[in-house]
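Student: Got a structure here, written out as structure tokens. Questions coming.
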Amino acid sequence: MASDRNAYNKYNNGTLQPTAGPSSSSKLPSSAASHPAEEELSRLGPHEMANRLRKAEAKCSKLSSEHNALVADVNQRMQMYLSEIRGLKDVNLRLQDDNQELRDLCCFLDDDRQKGRKLAREWQRFGRYTASVMRQEVSTYQDRKSVV
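Shown next as structure tokens:
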């Protein structure tokens, strides 16, 4: 995993790019168990050396194509995720705008409700005053009527 990080930049426009220089996996000692010793190679004939070389090249080519396929898959997924992130950012922005619009509407409705309550209190006072005046008028009218 660390060699993958050393061999590639994090990303460039969403795609992995190889860096210059050898990876840490190419620094294996020549006496590794998977590689034959120089002595053994010197004893082999030219045909056997050519066969081993072809096998090694085929294996290297296969690993390289597998690696390229994995990088392509990672790049494709990276692009898909970046696209999804862009879409989610757009949705988030629309939701934030809707949220602000709803907050503004709530403030407007609350102000309107308070104005309505104030107006109702004023009409209630007016009604009480009018009822009081009417009672006085009726009382005055009845007093005049009883006098006549």
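All you need for the working numbering is the position in the sequence shown, starting with 1, plus 2.
We put the beta carbon where it would ideally sit given N, CA and C, even for glycine.
If you're wondering where the values come from, they're calculated on a predicted model, not measured in any experiment.
1. Where residue 93 and residue 109 are concerned, what is the direct C-alpha to C-alpha distance, given to the nearest angstrom?
2. To the nearest angstrom, how far is it from the Cα of residue 60 to the Cα of residue 66?
3. In angstroms, rounded to a whole number, what distance separates the CA positions of residue 47 and residue 75?
4. Along the alpha helix (DSSP H) that carries residue 39, what are the first and last residues, could you check?
5. Can you grab the Cα-Cα spacing for the pair residue 43 / residue 53, in whole Å?
6. Quick check: the Cα distance between residue 146 and residue 139, rounded to an integer number of angstroms?
7. Reducing DSSP to helix, strand and coil, say where residue 150 ends up.
8. Using three-state DSSP, classify residue 72 as helix, strand or coil.
Tutor: Concretely, from the data shown:
1. The residue given as residue 93 occupies position 91 in the sequence shown. The residue given as residue 109 occupies position 107 in the sequence shown. Going by the C-alpha atoms only, they are around 24 angstroms apart.
2. As a first step, residue 60 must be located in the sequence shown, where it is residue number 58. As a first step, residue 66 must be located in the sequence shown, where it is residue number 64. So the alpha carbons of these two residues sit roughly 10 angstroms apart.
3. To locate residue 47, count along the sequence shown from 1; it is residue 45. To locate residue 75, count along the sequence shown from 1; it is residue 73. Computed Cα separation, rounded: 42 angstroms.
4. Locating residue 39 in the sequence shown gives position 37, where the first residue counts as 1. No alpha helix (DSSP H) holds residue 39; DSSP gives it neither H nor E.
5. Indexing the sequence shown from 1 puts residue 43 at position 41. Indexing the sequence shown from 1 puts residue 53 at position 51. Near 12 angstroms, if we compare the C-alpha coordinates of residue 53 and residue 43.
6. As a first step, residue 146 is located in the sequence shown; it is residue number 144 there, counting from the start. As a first step, residue 139 is located in the sequence shown; it is residue number 137 there, counting from the start. Residue 146 and residue 139: Cα-Cα distance of roughly 10 angstroms.
7. As a first step, residue 150 must be located in the sequence shown, where it is residue number 148. Three-state result, residue 150: coil.
8. To locate residue 72, count along the sequence shown from 1; it is residue 70. The DSSP-derived three-state label of residue 72 is helix.
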